[in-house]
Structures are given as C-alpha cells and as structure tokens.
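Residue numbers (my numbering), protein chains in the order written: chain R, 7 to 138; chain L, 7 to 138. C-beta: ideal position from N, C-alpha, C; glycine also. None of the values given here were measured: they were computed from a predicted structure. Report on the structure given below.
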C-alpha cells in the first residue's frame with residue numbers, strides 16, 4: 007500500500023460511532039468474507055503504515071494486530087469505504103485461517119436451512135495455536 | 007430458502023447489541039461485498055420468511071425492505087453467522103444496484119492510495135430512482 011496516504015482527508019469522510027467503525031475483511035483472491043471487526047483511528051493508521059490489519063478489540067479494549075498470536079496475519083492490499091462512510095472493506099491476503107476457532111473464515115456456519123450447519127473444515131487446531 | 011427454519015435456535019446463538027446485529031451483504035455470483043447494514047430479530051424473521059433482505063434502519067428507526075423504493079431487491083440465498091454470533095453474512099442475488107448513490111456496491115470508493123478514488127461506474131441515476 008502507498009505510504010503517501012492523506013490520513014486526515016480519509017478520517018474526515020468516516021463516520022465513527024463510539025470512536026469505532028465496522029470493518030469487513032475479504033480475501034482478495036477467493037473473495038470470501040473472512041471476518042468482521044472494528045477499527046478506531048489509531049488501528050486504521052497502524053494498518054495503513056504497516057500494511058498489516060490492526061483492529062480495536064471491544065472486549066480487551068486495546069488495539070490488536072490480526073495474527074499477533076497465531077501468526078495468521080493479513081496483508082492489506084486495498085481499503086474501501088462505503089457510501090455513508092460508516093463501514094470499511096479491507097481486501098487482504100490471509101495467512102492461514104482468519105478465525106480463532108480454526109477455520110479459514112469466521113463465517114463457517116450456515117443458518118439458511120432448518121438448523122445451524124458447519125460448512126467448512128477446520129484448517130488448524132485452535133488449542134495448539136492459542137493454548138485454550 | 008427453507009421455510010422449516012428453527013428461528014428460536016438461531017436467535018439464541020446470536021449476540022445482539024442494542025437489539026441489532028451487523029449484516030454484510032455479498033453478491034452470490036460475483037462475490038463482491040455490496041453493503042453493510044443492521045438487522046434486529048424481526049428483520050431477520052422477515053428476511054427468512056420472504057426470502058428478500060430486510061434490515062433495521064438506525065436513522066429512520068424502522069424495518070425496511072431493501073429495494074422497497076428503488077426496486078433493487080435482494081433475493082437471499084444463504085445466511086451465515088460468524089464464530090462469535092455477532093455478525094451475519096447474507097449471500098444474495100442483487101437486482102440492479104445496492105447503493106442508494108447509484109452504484110452496484112456501496113464500497114465504490116478506494117482509500118488505499120494517497121486520496122479517495124471512485125472505482126466503479128454508476129449504474130443508475132439516484133435522482134430518478136429516489137427523487138432526491
């Protein structure tokens with residue numbers, strides 16, 4: 007990603023709610039939606055500067071670099087903003103699985119049928135990676 | 007979509023915040039992310055029953071059927087939920103453009119370069135459709 011980024015121009019266009027904006031993460035190759043997370047201004051800045059996805063953890067109340075523990079980082083190739091400026095779309099190259107439960111995508115459950123159905127195979131063992 | 011849906015089982019798994027859950031809408035064919043919106047329990051129910059996407063409008067504080075004014079409805083083929091149950095992914099067949107500004111996708115602006123760049127062509131005139 008370019009480092010010539012005019013951060014203040016971008017931030018002016020964004021509509022933060024409680025200092026956060028929702029971010030959808032999409033695999034740039036397969037186009038699968040991998041996860042949804044939240045970003046504050048600092049995590050957007052860190053993402054742009056480093057080229058690696060950073061988010062705001064609402065539960066831990068701090069910035070986290072995606073993959074800091076698992077190594078499953080996200081190289082950010084593109085960031086798009088929506089018409090209202092209240093959502094971001096990150097197009098990334100995902101290393102390993104995005105989901106802390108061991109799946110490639112966090113959206114591994116389909117609820118369109120009469121019950122919840124798992125539609126993906128686990129690609130890593132979360133116990134081994136996160137020690138849970 | 008199946009009508010045998012066990013709604014209460016699904017809802018138990020979902021984590022609503024202020025009675026809402028974030029929903030990402032993806033084109034089932036192109037896999038483009040079209041928009042992000044919010045759903046409450048009733049809009050999920052209406053979506054499942056009708057097969058057409060319904061959302062909760064935070065500004066108008068009411069349920070709206072996507073395309074009720076523009077005719078640009080979304081036939082919902084699949085609904086997925088994420089690992090934490092706090093986000094939904096709707097895979098839809100989009101009629102016309104999803105964006106009220108006339109674009110196919112709401113994410114028509116790229117902010118990865120040194121300024122905000124429009125990356126799509128308008129496919130309809132919003133003034134003609136919404137009379138704005």
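Ignore the nearest five residues each way along the sequence and tell me which others in residue i's own chain have a CB closer than 7 Å to its CB.
i	result
residue 130 of chain R	102, 103 and 108
residue 106 of chain R	132 and 136
residue 81 of chain L	57, 58, 98 and 99
Alpha carbon to alpha carbon, how far is residue j from residue i? Give it in angstroms, no decimals.
i	j	result
residue 33 of chain R	residue 28 of chain L	19 Å
residue 9 of chain R	residue 26 of chain R	Interpretation of residue 9 of chain R is limited by its pLDDT of 48, a score under 50 that renders its predicted location unreliable; the figure taken from the coordinates is listed afterwards. Cα to Cα, residue 9 of chain R sits roughly 23 Å from residue 26 of chain R.
residue 79 of chain L	residue 134 of chain R	44 Å
residue 2 of chain R	residue 117 of chain R	This structure gives no information on residue 2 of chain R, because the portion of chain R shown stretches from 7 to 138.
residue 114 of chain R	residue 86 of chain L	7 Å
residue 110 of chain R	residue 19 of chain L	20 Å
residue 65 of chain L	residue 54 of chain R	31 Å
residue 14 of chain R	residue 37 of chain R	29 Å
residue 71 of chain L	residue 50 of chain L	11 Å
residue 112 of chain R	residue 94 of chain L	10 Å
residue 67 of chain L	residue 73 of chain L	17 Å
residue 77 of chain R	residue 77 of chain L	45 Å
residue 35 of chain R	residue 75 of chain R	24 Å
Quick test of your reading: residue i and residue j, contact by CB under 8 Å. State the CB separation rounded to the nearest angstrom.
i	j	result
residue 30 of chain R	residue 39 of chain R	6 Å
residue 88 of chain L	residue 41 of chain R	7 Å
residue 69 of chain R	residue 58 of chain R	Actually they are not in contact, since the Cβ atoms of residue 69 of chain R and residue 58 of chain R sit about 12 Å apart, beyond 8 Å.
Enumerate in chain order the residues of its own chain whose CB-to-CB distance from residue i is below 6 Å, with the five nearest sequence positions on each side excluded.
i	result
residue 84 of chain L	97
residue 46 of chain L	25, 26 and 62
residue 122 of chain L	115
residue 43 of chain R	29 and 61
Would you check whether the ligand FAD has a heavy atom nearer than 6 Å to the C-beta of residue i?
i	result
residue 97 of chain R	With respect to the ligand FAD, the structure shown offers nothing to examine, as it has no ligands at all.
Residues of chain B with CB under 9 Å from residue i, in chain order?
i	result
residue 75 of chain L	Within the model displayed, chain B is absent; protein chains R and L are what it includes.
Apart from the five residues on each side of it in sequence, which residues of its chain come closer than 8 Å, Cβ to Cβ, to residue i?
i	result
residue 23 of chain R	92
residue 21 of chain R	27, 90, 91 and 92
For the region 109-129 of chain R against the region 84-99 of chain R, do three or more pairs of beta-carbon atoms, one drawn from each stretch, fall closer than 8 Å, so that the two count as touching? No, the region 109-129 of chain R does not touch the region 84-99 of chain R.
Counting only runs of 3+ residues fully inside the region 58-99 of chain L, write out the beta strand (DSSP E) ranges in chain order. DSSP runs (the beta strand (DSSP E)) wholly in the region 58-99 of chain L: 60-63, 68-71 and 80-87.
Residue ranges of each beta strand (DSSP E) run of no fewer than 3 residues wholly in the region 17-58 of chain R, ordered along the chain? Fully enclosed beta strand (DSSP E) runs of 3 or longer: 27-33 and 39-45.
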